[in-house]
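Note sheet for the following structure.
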Amino acid sequence: MRPIRDRFGRDARAAVLPPAPVVPPPRAAAEGLEPEREAEVARLFSLHYTPMLRLATLLGADDPENIVAEAYYQIYRKWRKLREPGSAEAYLRSVVCNLTRMRIRHLQVARRHMEPPPSEPVASAENSALLRDDQRVLIDALQRLPARQREALVLRHWLGLKESEIAAAMGISAGSVKTHTSRGIAALTQAMEARR
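My numbering numbers the first residue of the sequence shown as 1332 and each following residue consecutively.
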């Protein structure tokens, strides 16, 4: 069998690869961050778990507990990469928004391939008892809004974020935030007036 030659006439199978770069062992300082990271994530959990759970619920998540748990896992994993530990809450909020969006997209694709559900779904007794009629209508109207409008409204009116914070959380411009918010308010107003 004849050797395979490259364009310079060298035996191509005998080519020597450059040595792999040497990865230095983790620094001792990075290991010292473990207790600090765990303490900070635990503090974030105790302060922001319930608001993040409500955010995921209002954005339309069918499994808000899992989404929030995944968000905390991601912030724990990427703690060293945060530019400022003070930005952890904003990062957490962005992760919850993104995970909810991804989950809703996944469910939409899955529903396209399912058989249509039988008649009208029945609300659980617990939900019916907890929600007044106006709240139920408002939440139904909120759920029917396009995802971006719903996100902008929840972040603005429920969390009370500024337009710049909403823009950062949603990954859009401040002008788009204004557009989504005003269109969402108009749609909700129309839905509530049509009910009366």
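From the three backbone atoms N, C-alpha and C, an ideal C-beta is built for every residue, glycine too. As the structure is a prediction and not an experimental result, all values here were calculated from the model.
- Met1501 is classed as buried because its beta carbon has at least 16 other beta carbons within 10 Å across all chains shown.
- Taking Ile1497 as the centre and dropping the five residues before and after it, the same chain places the C-beta of Ala1483, Leu1486, Arg1487 and Val1508 closer than 7 angstroms to its C-beta, in chain order.
- Under the three-state reduction of DSSP, Gly1515 is assigned to helix.
- Per the coordinates, the alpha-carbon of Arg1467 lies some 30 angstroms from the alpha-carbon of Gly1506.
- A distance below 7 angstroms between beta-carbons, with the five flanking residues on each side excluded, links Leu1390 to the following residues of its chain, in chain order: Cys1428, Thr1431, Arg1481, Glu1482 and Val1485.
- The Cβ atoms of Leu1384 and Pro1395 lie closer than 9 angstroms to each other.
- Inter-residue distance for Met1523 and Arg1434 is about 28 angstroms (C-alpha atoms, whole angstroms).
- A direct Cα-Cα distance of roughly 24 angstroms separates Glu1401 from Pro1477.
- Counting along the chain, Ala1421 sits inside the alpha helix (DSSP H) bounded by residues Ala1419 to Arg1443.
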